[in-house]
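Numbering (this note's numbering), first residue to last: 19 to 82.
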């Protein structure tokens with residue numbers, strides 16, 4: 019997997035050709051910071067973001 023995840027520490031600056039995605043879900047008290055290659059499909063990024071969360075509320079999925 020070519021995604022990088024940083025949970026507890028600030029991420030380094032995004033590398034050339036990579037996108038930094040910061041996620042905060044207050045209902046789950048989750049902070050995530052992920053980096054994806056810029057050529058990655060949005061659908062794939064969404065699936066990896068959802069998979070990185072500890073649990074999913076079905077109502078939350080409607081807003082992503």
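A virtual CB, placed ideally from N, CA and C, is assigned to each residue, including glycine. Keep in mind the model is a prediction, meaning the values are calculated, not measured.
Between residue 58 and residue 40, the alpha-carbon positions lie close to 16 angstroms from each other. DSSP places residue 50 outside any alpha helix (DSSP H); the residue lies instead in the beta strand (DSSP E), whose first and last residues are 48–55. Its chain contains 43, 46 and 48 as the residues whose beta carbon lies nearer than 7 angstroms to that of residue 71, once the 5 sequence neighbours on both sides are disregarded; these appear in chain order. Using a Cβ distance threshold of 8 angstroms, residue 68 and residue 56 do not count as a contacting pair. Residues 53 of the same chain have their beta carbon placed closer than 8 angstroms to that of residue 33, with the five preceding and five following residues left out of the count.
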